[in-house]
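**Q** Residue numbers (this note's numbering): 4 to 235.
Every residue gets a Cβ at the ideal spot worked out from N, C-alpha and C, and that includes glycine.
The structure presented is a predicted model; accordingly, all values stated were derived computationally and were not measured.
Handing you this structure, nothing more for now.
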């Protein structure tokens, strides 16, 4: 496979995502294909291994690849329209208006929280609870904390059992994760290491468990508006 050197000084990991996506669209990468080794790929792309790892972690989080320690990174067997959409591609390679992203995220997640309170299964609740535990156990690791935070929000979205809203939110995942990391850095400075933020998540979870749809919506909106108010 042939990669092109990346010369843009910013968002280079997103340029890696762009190239992988195009290779999949053009069917030069197919489900089950193994990507070249980390050192070789970083050299072909002209990026640091740190940048490449960030891109690979993002692709793993999105479900595009499977990373097998000791074996390599493999393209996952998934339907193309579930992995890549024109909207997801555009958001990943073009600058995003932060205010518009917040508005879209809040609109989707508030409604999903309300629906989750009505529709969540026992399995959904167990998964959301596990994400809360992961947040609590990673208070000293912002990257792991941010991913657990994002997982909580996506699990609430999945618990709404509205596949369209779930898919729409997935298209924003790269940018939302960046927002969480940025907000997390600021909030941790006056949040006793993120404990207040976790309590907000627990309150949302409790409302869902208690099937209180209106309260779930109110708490989710308050939580997201509070994060938005940190300056991002």
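Roughly how many whole angstroms lie between the Cα atoms of residue 158 and residue 52?
**A** Going from the Cα of residue 158 to the Cα of residue 52 covers about 31 Å.
**Q** Only counting the same chain, and skipping five residues up and downstream in sequence, which positions put a Cβ closer than 7 Å to that of residue 141?
**A** If we look at residue 141 and ignore the five residues flanking it on each side, its Cβ neighbours are 147, 148 and 151.
**Q** Decide if residue 33 is buried, meaning its Cβ has at least 16 other Cβ atoms within 10 Å, or exposed.
**A** Exposed.
**Q** Would you report the Cα separation of residue 118 and residue 173, rounded to the nearest angstrom?
**A** Rounded to the nearest angstrom, the two C-alpha atoms are 17 Å apart.
**Q** Tell me, please, which residues DSSP counts as bridged to residue 71.
**A** According to DSSP, which records beta bridges pairwise, residue 71 is partnered with 75.
**Q** Assuming residue 164 and residue 122 form a contact by the criterion Cβ under 8 Å, report the distance between their Cβ atoms to the nearest whole angstrom.
**A** Rounded, the Cβ-Cβ distance is 5 Å, consistent with contact.
**Q** Does the region 101–110 come into contact with the region 197–206, if we say contact requires no fewer than three beta-carbon pairs (one atom in each stretch) closer than 8 Å?
**A** No: fewer than three Cβ pairs fall under 8 Å.
**Q** Would you report the Cα separation of residue 36 and residue 30, rounded to the nearest angstrom?
**A** Roughly 11 Å between the two C-alpha positions.
**Q** Which residues mark the beginning and the end of the alpha helix (DSSP H) in which residue 153 is found?
**A** Counting along the chain, the alpha helix (DSSP H) containing residue 153 begins and ends at 145–162.
**Q** Determine the DSSP secondary structure at residue 136, reduced to helix, strand or coil.
**A** Three-state result, residue 136: helix.
**Q** By the 10 Å Cβ neighbour count, where 16 or more other Cβ atoms means buried, how is residue 220 classified, buried or exposed?
**A** Residue 220 comes out buried.
**Q** May I have the straight-line CA-CA distance separating residue 50 from residue 68, to the nearest angstrom?
**A** Their Cα atoms are separated by approximately 19 Å.
**Q** Please confirm whether residue 113 and residue 224 have their CB atoms less than 7 Å apart.
**A** Yes. Within cutoff.
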